[in-house]
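Protein chains in written order, with the working numbering: chain F, 551 to 975; chain C, 55 to 639.
From the three backbone atoms N, C-alpha and C, an ideal C-beta is built for every residue, glycine too.
Heads up: the structure comes next, in structure tokens.
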Amino acid sequence: MLDLLIIGAGLAGLTAALRAVEAGLRVKIIAKGMGSLYWATGAIDVLGYLGGEERAVASPWERLAELDAGHPYRTLGDTRVRGAIDWFQQHIEPSGLGYRSADAHNLLTPSPAGAWRPTYLAPAGQRAGAATDDRPMVIVGFQGVRDFFPHLITRNLSAQGQVVRAALLPWSVLSEQRDRNNAQLAECVDDVHTQQRLVDALKLVVKPGERIGLPAILGRHAHAQALAHLQQGLKTDVFEIPTLPPSAPGIRLATALRQALEQRGVRVEIGMEAIGFHAEDGVIQWVETETSARPLKHRAHAFLLATGGVLGGGFNSTPAGRFWEVIFDLPLTVPQDRRQWFRPLFLDARGQPAFHGGVAVNAALQPVDATGDAIYANLWAAGSLLAHADPILERSLEGVAIASGVAAAEAVKTKSTAAVATMER
Amino acid sequence: MKKLATDILVIGGGSTGAGVAWDAALRGFRVVLVEKRDLTHGTTGRYHGLLHSGGRYAVKDPQSAIECIEENRILRRTHTHCIEDTSGFFVVTPEDEGDFPDRFQAGCATVGIPCEEVPLKEALRREPLLNPRISRVFEVPDGSADSFLATHVTVQAARQAGAQICVYHEVVGLLTEGSDGARRVTGARVRDVVTGEELVVEAMLTINASGAWAGQIAALADIPVRVIPGKGVMVAVNHRLVNTVINRCKMPADGDILVPVHTVAVIGTTDERVADPEMLNIEPWEVALMLAEGDKLVPGLSQSRILRAWAGVRPLYQENYTGDSRDATRALALLDHQQRDGVAGFLTITGGKWTTFRLMAEKTMDKACAQLGVDRPCRTAETPVPGVEQGYYWVGHRLHEVETERLQGDLVCECELVTRSMLEQAAANNPTVTLDDLRRDVRLGMGPCQGGFCTFRAAGILQELRMRTEETAPSNRAARPEEPAWSVAHMQSPRHAMHQQPATLAAGRSPLDNPNLLLRDFLQERWRGVTPVLWGRQLKQERLDELIYLGIMNIDHLPPDDDASPLTEFWQFDTTPGAGSEETT
């Protein structure tokens with residue numbers, strides 16, 4: 551029997567699985583979809599903004615204590631959060647994606663709207679866009695590409711003092727076919743011939759001393775090779791700017807993690823939507839999934855819920871104001887009154903109350919009821935479904951996923967070790 | 055100060071004002087139309103889109119019913135491409151009263167509305183989602199209208215006949231001369247809300263076609279006009295649950311019309327008397343009522359994905375009326391202020407409904423001709439507007455063109471099949487100040503993602519278009535048109551847009567220059583429409599939009615600026631603390 555069944559293949563679920571298998575647990579992931587890494591930037595945000603401040607947080611490690619007392623980072627404590635991020639950085643290193651921080655500080659890279667966005671670990675493909683780099687930039691797009699607009703980016707970066715200009719290359723440099731999303735364009739760039747065409751075209755555009763910003767389409771499977779090819783061919787740094795989903799950098803990260811899990815014998819079963827469960831005496835026995843073939847029961851000693859919040863599909867809600875967790879119907883801290891879910895302004899610096907609530911947990915990341923007792927003896931939770939955080943607003947989405955994923959796996963390991971010890975006695 | 059002299063000044067760029075400008079221009083008058091925001095920003099752009107057959111009023115208000123069926127026939131000729139020939143059902147649900155269906159049939163016969171009872175089996179075959187407990191179904195020639203397009207092409211027709219159109223021009227004062235008893239309105243002072251410049255429009259006759267705002271305009275000449283602002287709430291469902299307009303066969307009430315409009319279905323509406331026509335807040339009970347009533351027509355409607363809710367304010371008018379807005383007449387009201395108030399040179403046209411806008415214009419201009427002492431017959435009923443050769447709108451037309459022309463790679467808005475060239479042509483072809491104007495032009499952001507992907511794309515594309523315009527016409531402003539061409543008759547056609555010359559933006563300062571403002575304003579305007587219906591799957595969609603605009607774009611930390619657009623002012627109206635909380639009168 552499995553030691554741990556993880557529900558959800560986002561960053562929290564994948565990270566938890568990697569940490570669990572490293573700790574010697576037998577683990578499997580089931581998930582309804584591919585996970586929300588496919589939508590995000592592929593960078594690891596730990597904490598970008600605090601309390602509606604206009605300026606980005608310089609170093610997350612100096613500011614965690616200012617978060618709400620119930621925030622997952624506060625529950626875990628600075629040391630464990632930082633340890634988890636370091637652990638992640640080590641374990642993603644074999645992928646060749648080259649995740650680095652700026653000397654334990656946030657770095658700022660251009661957003662596709664031309665804002666500087668703070669992140670903590672940036673992959674090698676994005677780091678040359680850093681604001682601290684004093685070289686001028688040329689932002690290069692492709693005529694007719696619908697998700698990347700160099701003139702918009704340069705307008706806003708210029709307004710913030712960056713020396714930058716825009717250029718457009720013909721679409722045909724990338725592909726003969728017009729109907730291509732970012733993930734498909736990235737696949738085109740896997741081809742060395744496309745890479746060479748790109749180098750040849752960019753040579754005509756770039757001026758000496760400029761670094762080159764491109765949409766994040768530099769390879770889906772052969773990213774490191776594509777990046778190296780471009781930088782060697784152009785003799786300058788090239789960086790990607792992640793834009794609308796699907797996100798090639800996010801897909802690369804998800805792929806790298808899944809490969810690391812496969813190498814360790816962990817199965818990731820996609821297309822498995824959990825639709826029910828069975829518990830006896832407060833202990834979950836199995837989780838049921840339904841696929842087109844047949845219902846399946848997944849038994850395990852421990853279960854980790856990492857289905858995401860509203861975005862991942864872990865929560866649902868009704869017009870009557872009911873807001874619930876969809877598999878175990880765990881209580882949520884979201885107000886059960888729809889009039890309290892939203893503020894009048896979309897860009898309210900305090901965020902929307904509907905997105906701030908979630909699953910309340912104890913120090914071991916076990917979902918708890920109103921009295922603080924664990925609801926099920928063998929259930930843990932990790933990722934953006936945790937209460938007292940709004941990871942999108944705080945720009946802590948990946949950091950919360952990693953820190954809680956690692957901590958939950960460790961808590962499961964601790965408990966199973968204790969159980970074995972009890973049995974041996 | 056700039057001065058304009060004209061025969062007829064029309065105040066209001068909704069369907070009525072556009073109709074009056076068109077009618078007056080066809081009769082050979084010099085015309086200036088002023089509208090404080092975009093065309094159809096008011097009630098015209100906030101209704102459910104029903105082209106009435108008159109069936110709805112056959113029992114309650116036969117005069118309105120006759121006007122509706124006559125105008126229905128005319129608009130099918132003059133505005134064909136703005137209409138989808140959906141036909142309409144009046145259905146008798148188990149809740150509907152006993153003898154009404156027979157009175158309905160008799161009423162239709164009396165006023166001349168073609169009405170046939172459809173066998174239940176046949177009705178359910180055509181509309182399989184209809185409530186199977188319906189007992190009788192009658193078919194009438196209802197239709198589904200695109201009031202955005204219809205008003206734009208009416209204005210294009212007016213302009214071709216010589217009218218001058220000034221959108222984003224707000225009336226700040228009426229010019230009057232003479233003293234009490236012999237006063238006369240001689241035009242208006244108007245402010246360009248984008249540049250802040252004022253101009254004076256002198257007119258032989260000023261026509262107040264400002265709908266729900268008619269009282270505010272008349273007050274500028276100290277004339278009391280008590281419009282009854284009747285707020286109606288509508289809810290859009292993300293599928294065409296039906297392809298036929300569905301009406302409840304009963305006395306008109308709340309939530310008894312379901313209209314297929316383009317790719318969605320709209321259930322409407324409520325009727326609440328409000329204090330101010332800008333008071334467009336939506337209460338939870340209003341949405342709940344629409345969904346509950348919708349379930350009676352199409353069981354399970356309330357469980358579908360709800361895209362958006364919005365409110366429009368009817369310009370109801372009844373002299374000395376104090377009751378509920380639901381029971382106030384829907385008839386048009388033409389106020390001759392010379393007769394009524396002793397003020398010459400000024401007419402108010404209000405009340406009525408979209409279906410009768412042409413008739414309202416005709417009656418207004420008949421009265422105007424009489425006052426000016428000329429005899430010029432109305433020509434609008436026989437004059438098709440530009441673009442009718444496209445035939446009736448049908449829901450597959452965009453997909454068909456996108457597929458045959460292989461434009462999939464150019465889609466900016468996948469939900470509503472808006473291509474890049476459609477967006478560029480619309481921006482260049484009629485005055486465009488905000489992305490919301492482009493929504494009304496080409497349905498940008500009106501689909502399931504509610505602007506999640508296309509808001510960013512539109513801002514980026516317009517920034518490129520601006521750069522391109524400046525590169526191709528460098529420092530030579532004369533090379534750029536002073537005013538947009540107002541060629542809008544085909545703006546819904548991907549194929550037509552593709553074959554046009556590359557778009558060039560007109561000269562002049564515009565909020566379009568600031569893409570950050572475009573983003574902020576449009577996202578906020580979308581937010582206002584989705585918050586009343588955010589739950590379930592649509593809430594998940596909204597969270598994805600947050601991931602995009604906060605997480606990926608970081609648009610809440612763009613370089614600061616103090617720019618504002620007319621749309622900023624509009625959404626600030628009801629996000630200011632305390633707004634909308636006053637008691638309705």
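Return the CA-CA distance between residue i and residue j, expressed in angstroms with no decimal places.
| i | j | result |
| --- | --- | --- |
| residue 633 of chain C | residue 369 of chain C | Low per-residue confidence applies at residue 633 of chain C: pLDDT is 42, beneath 50, and the placement is therefore not dependable enough to give any value. |
| residue 639 of chain C | residue 267 of chain C | The predicted model places residue 639 of chain C with a pLDDT of 30, which falls under 50 and marks its position as unreliable; any figure quoted below should be read in that light. Taking the straight line joining both Cα atoms gives about 16 Å. |
| residue 516 of chain C | residue 488 of chain C | 11 Å |
| residue 965 of chain F | residue 909 of chain F | 21 Å |
| residue 468 of chain C | residue 809 of chain F | 33 Å |
| residue 217 of chain C | residue 87 of chain C | 7 Å |
| residue 840 of chain F | residue 950 of chain F | 29 Å |
| residue 389 of chain C | residue 365 of chain C | 26 Å |
| residue 836 of chain F | residue 877 of chain F | 12 Å |
| residue 237 of chain C | residue 495 of chain C | 40 Å |
| residue 718 of chain F | residue 747 of chain F | 14 Å |
| residue 635 of chain C | residue 567 of chain C | Because residue 635 of chain C sits at a pLDDT of 37, beneath the cut-off of 50, its placement in the model cannot be relied upon, and the following sentence gives the value as read from the coordinates. So the two alpha carbons sit approximately 35 Å from each other. |
| residue 576 of chain C | residue 143 of chain C | 36 Å |
| residue 896 of chain F | residue 421 of chain C | 48 Å |
| residue 695 of chain F | residue 701 of chain F | 13 Å |
| residue 672 of chain F | residue 743 of chain F | 27 Å |
| residue 600 of chain F | residue 605 of chain C | 14 Å |
| residue 736 of chain F | residue 794 of chain F | 13 Å |
Relative to the C-alpha of residue i, which candidate in the options has its C-alpha closest?
| i | options | result |
| --- | --- | --- |
| residue 553 of chain F | F:841, F:666 and F:851 | F:851 |
| residue 763 of chain F | F:922, F:865, F:780 and F:961 | F:780 |
| residue 443 of chain C | C:136, C:58, C:65 and C:577 | C:136 |
| residue 819 of chain F | F:590, F:795 and F:846 | F:846 |
| residue 157 of chain C | C:539, C:122, C:138 and C:115 | C:115 |
| residue 287 of chain C | C:313, C:256, C:235 and C:367 | C:367 |
| residue 562 of chain F | F:934, F:572, F:944 and F:770 | F:934 |
| residue 925 of chain F | F:681, F:621, F:834 and F:709 | F:834 |
| residue 428 of chain C | C:170, C:258 and C:203 | C:258 |
| residue 204 of chain C | C:466, C:260, C:440 and C:180 | C:440 |
| residue 625 of chain F | F:713, F:897, F:654 and F:937 | F:937 |
| residue 167 of chain C | C:523, C:159 and C:206 | C:159 |
| residue 870 of chain F | F:888, F:860 and F:856 | F:888 |
| residue 173 of chain C | C:146, C:63, C:510 and C:234 | C:146 |
What whole-angstrom Cβ distance do residue i and residue j have, given they're in contact under 8 Å?
| i | j | result |
| --- | --- | --- |
| residue 411 of chain C | residue 239 of chain C | Actually they are not in contact, since the Cβ atoms of residue 411 of chain C and residue 239 of chain C sit about 23 Å apart, beyond 8 Å. |
| residue 387 of chain C | residue 375 of chain C | That belief does not hold up - the Cβ atoms of residue 387 of chain C and residue 375 of chain C are roughly 11 Å apart, past 8 Å. |
| residue 241 of chain C | residue 256 of chain C | 4 Å |
| residue 309 of chain C | residue 354 of chain C | The pair is not a contact, with the Cβ atoms about 15 Å apart (cut-off 8 Å). |
| residue 812 of chain F | residue 595 of chain F | Contact doesn't hold; Cβ gap of about 26 Å is too wide. |
| residue 283 of chain C | residue 331 of chain C | 5 Å |
| residue 352 of chain C | residue 185 of chain C | 7 Å |
| residue 430 of chain C | residue 82 of chain C | 6 Å |
Is it a yes or a no for the stretch 568 to 583 of chain F touching the stretch 813 to 825 of chain F, going by three-plus beta-carbon pairs under 8 Å? With a cut-off of 8 Å, the stretch 813 to 825 of chain F and the stretch 568 to 583 of chain F count as touching, because enough Cβ pairs lie within range.
Contact the stretch 105 to 116 of chain C vs the stretch 449 to 468 of chain C: 3+ CB pairs below 8 Å: no
Using 8 Å as the cut-off, can you tell me whether the stretch 478 to 493 of chain C makes contact with the stretch 538 to 554 of chain C, which would need three or more C-beta pairs spanning the two stretches below that distance? yes
Every unbroken beta strand (DSSP E) inside the stretch 162 to 237 of chain C [3 residues or more]: 170 to 172, 190 to 194, 197 to 199, 218 to 220 and 223 to 231
Indicate whether the contact test is met: 3 or more Cβ pairs, each with one atom in the stretch 535 to 547 of chain C and one in the stretch 577 to 597 of chain C, closer than 8 Å. Below 8 Å, too few C-beta pairs join the stretch 535 to 547 of chain C and the stretch 577 to 597 of chain C to call them touching: fewer than three.
Taking 8 Å as the cut-off, does the stretch 633 to 644 of chain F touch the stretch 684 to 697 of chain F (at least 3 CB pairs, one atom from each stretch)? no
Measuring CB atoms only, is the stretch 299 to 311 of chain C touching the stretch 189 to 198 of chain C, in the sense that at least three cross pairs come out at less than 8 Å? yes
Length-filtered (4 minimum) alpha helix (DSSP H) runs lying within the stretch 261 to 325 of chain C: Runs found: 268 to 273.
Beta strand (DSSP E) segments (min. 3 residues) lying fully within the stretch 442 to 525 of chain C: 465 to 467
At 4 residues or longer, what runs of the alpha helix (DSSP H) sit wholly inside the stretch 724 to 804 of chain F? 732 to 739, 742 to 753 and 773 to 784
Three or more beta-carbon pairs under 8 Å between the stretch 117 to 125 of chain C and the stretch 403 to 417 of chain C, yes or no? yes
Measuring CB atoms only, is the stretch 563 to 579 of chain F touching the stretch 648 to 656 of chain F, in the sense that at least three cross pairs come out at less than 8 Å? no
Can you list, in chain order, the stretches of the alpha helix (DSSP H) that have 4 or more residues and sit fully within the stretch 362 to 440 of chain C? Here the runs fully enclosed are 391 to 395 and 411 to 426.
Touch test, the stretch 778 to 794 of chain F against the stretch 608 to 628 of chain F, Cβ-Cβ under 8 Å, three pairs minimum: no
The stretch 263 to 277 of chain C in contact with the stretch 311 to 325 of chain C per 3-pair CB rule at 8 Å: no
Below 8 Å, how does it come out for the stretch 782 to 798 of chain F and the stretch 663 to 681 of chain F: are there three or more Cβ pairs, yes or no? yes
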